[in-house]
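S.K.:
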Amino acid sequence: MLTNAPRGTKDILPDQINAWQWLENKIRELCEIYGYEEIRTPTFEHTELFRRGIGEGTDVVEKEMYTFTDRGDRSITLRPENTASIVRAYLQNKLYANAGLTKLFYIGSMFRYDRPQAGRLREFHQFGVEAIGEKNPAVDAEIILLAWEFLKSLGLNDLKLKINTVGCPKCRPIYRRKLTEYFTEEADELCGDCRRRLEKNPLRILDCKIDGSKDFMEDAPKIETCLCDECREHFNDVKKFLTAAGVEFEVNPRLVRGLDYYTKTAFEIQYAPLGAQSAVAGGGRYDWLIREIGGEDTPAVGFAAGLERILLALELQGLVPASDKKIAAFMVANGAAAEIYAFKILSDLRRKNISAAMDFGKKSMKAQMKAASKSGAKFALIVGEDEVATSTVTVKNLETSAQEKVPVEEVPEKIICP
RNA sequence: GCGGUUGUGGUGAAGCGGUUAACACUCCGGAUUGUGGCUCCGGCACGCAUGGGUUCGAUCCCCAUCAAUCGCCCCA
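Numbers 65 to 482, taken from our numbering, label the letters of the first sequence in order.
1) Secondary structure at serine 149, three-state DSSP: helix, strand or coil?
2) What is the residue span of the beta strand (DSSP E) that glycine 172 lies within?
3) Note down the Cα distance separating glycine 358 from tyrosine 130, rounded to an integer number of angstroms.
4) Below 9 Å between beta carbons: does that hold for alanine 444 and lysine 469?
5) Confirm, please, whether the CB-CB distance from alanine 330 to alanine 211 is below 9 Å.
6) Report yes if the C-beta distance between lysine 328 and aspartate 361 is below 9 Å; otherwise report no.
7) Considering only their Cβ atoms, is the gap separating phenylalanine 299 from proline 201 smaller than 9 Å?
8) Have a look at valine 452 and alanine 401 and give me their C-alpha separation to the nearest angstrom.
9) Tell me whether threonine 329 sits in a helix, a strand or coil according to DSSP, three-state version.
10) Use the C-beta contact count for asparagine 265: other C-beta atoms within 10 angstroms, 16 or more gives buried, fewer gives exposed.
11) Looking at C-alpha atoms only, which residue of Val396, Glu187 and Leu155 is the closest neighbour of phenylalanine 424?
12) Using a Cβ-Cβ cutoff of less than 6 Å, which residues in the same chain neighbour phenylalanine 313 once the five nearest sequence positions on both sides are dropped?
13) Quick check: the Cα distance between arginine 259 and alanine 284, rounded to an integer number of angstroms?
14) Going by C-alpha distance, which of Lys416, Leu270 and Pro78 is nearest valine 320?
15) On the DSSP bridge assignment, give the partners of asparagine 228 in chain order.
16) Under a Cβ-count criterion, where at least 16 other Cβ atoms within 10 Å of its own Cβ denotes burial, should cysteine 235 be classed as buried or exposed?
17) Please list, in chain order, all residues of the same chain as isoleucine 97 whose beta carbon is under 6 Å from its beta carbon, the five residues on each side excluded.
18) Note down, one range per segment and in chain order, each alpha helix (DSSP H) of at least 4 residues found wholly within the region 411-453.
19) Comparing C-alpha positions only, which one of Asn157, Ile333 and Gly183 sits nearest to threonine 105?
20) In three-state terms, what does DSSP make of valine 311?
21) On the DSSP letters alone, give me the boundaries of the beta strand (DSSP E) that alanine 369 sits inside.
22) Output the boundary residues of the beta strand (DSSP E) element that contains glutamine 190.
23) Flag this pair as touching only if the region 115-123 and the region 133-149 have three or more C-beta atom pairs under 8 Å; answer yes or no.
24) Could you tell me the boundaries of the alpha helix (DSSP H) in which asparagine 82 lies?
25) Mapping DSSP to helix, strand and coil, what is proline 233?
26) Whole-angstrom Cβ separation of alanine 436 and phenylalanine 394, contact assumed at under 8 Å?
27) I'd like the ranges of any beta strand (DSSP E) spanning at least 3 consecutive residues and lying wholly in the region 113-159.
28) Please report the Cβ distance between leucine 185 and glutamate 372, rounded to the nearest whole angstrom; I am assuming they are in contact, meaning their Cβ atoms lie under 8 Å.
29) Between lysine 434 and arginine 414, what straight-line distance do the alpha-carbon atoms span, to the nearest angstrom?
30) In three-state DSSP terms, what is lysine 345?
31) What are the partner residues of methionine 395, as DSSP defines its beta bridges?
32) Closest by CA to tyrosine 405, which one among Asp222, Val457, Leu267 and Leu155?
33) Spell out the partners DSSP gives tyrosine 335 in its beta bridges.
34) Taking just the CA atoms, how far does glutamate 249 sit from leucine 220?
35) So, helix, strand or coil for arginine 104, using DSSP?
36) Within 10 angstroms of its Cβ, does isoleucine 324 collect 16 or more other Cβ (buried), or is it exposed?
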């Protein structure tokens, strides 16, 4: 147990760190191009923030939060997602003061007590983007575009963009009621899950894998018939903007979001080969959240993307860049006096910003040479009694096997321009 | 949280009631004493996720736990 990380957590090891840094750099580059600034919020918040923000009845709040009481008797929760925190930070720091539209992005770990699977961890990483303060559907399109272009730019194929509208607090309840009425009549035909959904979230029934293909689904009420004018127009405009930008999307009237704060636009980007965890990014508009948390009525849109899932997808397509870290020089010392001499040279090289390594295992020269070779170093710097006595270094080019003995002060230039 | 599958060294794996626990790679050491990558030689599981049980005997059977994985739920 002592040597096992908690279930659902993972070490990111040195041989994987390259992929992570590469991905994070891509995110930062892209967000800069779109004009979004990075923000970092605390890993934990008051539990109440999530209860209110995400919604009491949601699965995330009901059964997936890491909640505990701290020593000051406060109820604290490890963030299961970042949007609520960002809205909190936006209000607390009055970020609305200087900008009509506040554009933020984040990268960080989130926590959800789920049953772990590939692509679904208890501590996982998300990158996300939030645009707060504008109701124009162009912003919805910008956010969707950012998510889409990002995944495309990584080289991923077979991505699918699905969009929908989930209405607003004015029209969604009407639709919800209609659905409940309709499905209550069919209750006998519904699967166990859906019978539960009937109360909790009837919109989800539309999405059910078991009941989805049953006859009565055909005639189930469609959201279009219930949308208020504002929501209908908004959705049409989003589609227009997306089309103008040349993005292919699929309208899926059954697409639903699991967090209560979503209004109007909802979208998801799927990468099917990932199986059950195919949702690689998802988000939408949340015009209701800011007021819910205690701010002025403020419209906002955003999305989050799962970094582990993206990395998984990249791996499947062989798109993860290989690490190519190489050092310039490797010290090889023969004997105790030479070891000290080599150590001095090693330190001098590093002071000159030349990457250098040395095997401290007091091994044979043969073993040290092997280590030098394996390290990928371009040069082996060989020193023994001879070199110590004459203040020289034998510089061996490991690629060409050519070697020459040079005065110690000439070593840096031999390495930089051989 | 529910259902299924799996769990042998650093890695990939064979073995499936009684074997020195195969093989390959990696790793370590060596091939005449100051030199790598190729080749050759040698070494590396006292143990088969963990804990119980069945049996004369268990890596192989049973149970539990833990973990991974697939699907569901949900979500990124």
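Cβ atoms here follow ideal geometry from the backbone N, Cα and C, with glycine treated the same way.
M.R.: Per the coordinate set shown:
1) Residue state, collapsed to three classes: helix.
2) Where glycine 172 is concerned, the enclosing beta strand (DSSP E) stretches over 166-175.
3) Approximately 24 Å between the Cα atoms of the pair.
4) In this structure, lysine 469 does not lie closer than 9 Å to alanine 444 by Cβ.
5) Remark: C-beta atoms of alanine 211 and alanine 330 do not approach each other more closely than 9 Å.
6) Going by C-beta atoms, lysine 328 is not nearer than 9 Å to aspartate 361.
7) Taking 9 Å as the Cβ cut-off, proline 201 and phenylalanine 299 qualify as a contacting pair.
8) Rounded to the nearest angstrom, the two C-alpha atoms are 8 Å apart.
9) Strand, per DSSP.
10) Counting Cβ neighbours within 10 Å, asparagine 265 comes out buried, since at least 16 surround it.
11) Considering only alpha carbons, the answer is Val396.
12) Excluding sequence neighbours, phenylalanine 313 sits near Leu225, Ile227 and Leu306.
13) Roughly 15 Å between the two C-alpha positions.
14) Of the candidates Lys416, Leu270 and Pro78, the one whose C-alpha sits nearest the C-alpha of valine 320 is Leu270.
15) Paired residues: Ala330.
16) Counting every other CB atom within 10 Å of its CB across the protein chains shown gives cysteine 235 a total of 16 or more, marking it as buried.
17) Around isoleucine 97, the same chain offers no residue with a beta carbon nearer than 6 Å, after the five sequence neighbours per side are excluded.
18) Fully enclosed alpha helix (DSSP H) runs of 4 or longer: 429-439.
19) Selected option, being the one with the closest Cα: Asn157.
20) Under the three-state reduction of DSSP output, valine 311 falls in the coil class, being neither helix nor strand.
21) That run of the beta strand (DSSP E) goes 364-370.
22) Element bounds for glutamine 190: 187-196.
23) Output reads yes: the region 133-149 touches the region 115-123.
24) Note, asparagine 82: alpha helix (DSSP H), 78-98.
25) Here proline 233 sits in coil by DSSP.
26) Contact annotation, alanine 436 with phenylalanine 394: C-beta distance approximately 4 Å; criterion of less than 8 Å satisfied.
27) Counting only runs of 3+ residues, the beta strand (DSSP E) found wholly inside the region 113-159 occupies 130-133 and 139-142, in chain order.
28) Contact flag correct, Cβ pair sits at about 6 Å.
29) Their Cα atoms are separated by approximately 22 Å.
30) Checking the sequence, you will find alanine at residue 345 rather than lysine. Residue state, collapsed to three classes: strand.
31) According to DSSP, methionine 395 bridges with Met422 and Leu445.
32) It is Val457 whose Cα lies nearest to the Cα of tyrosine 405.
33) DSSP output for tyrosine 335 lists Leu223 as bridge partner(s).
34) For the pair leucine 220 and glutamate 249, the Cα-to-Cα distance works out to about 44 Å.
35) Residue state, collapsed to three classes: coil.
36) For the record, residue 324 in the displayed sequence is aspartate; it is not isoleucine. If you draw a 10 Å sphere on the C-beta of aspartate 324, you find 16 or more other C-beta atoms in it, and that means buried.
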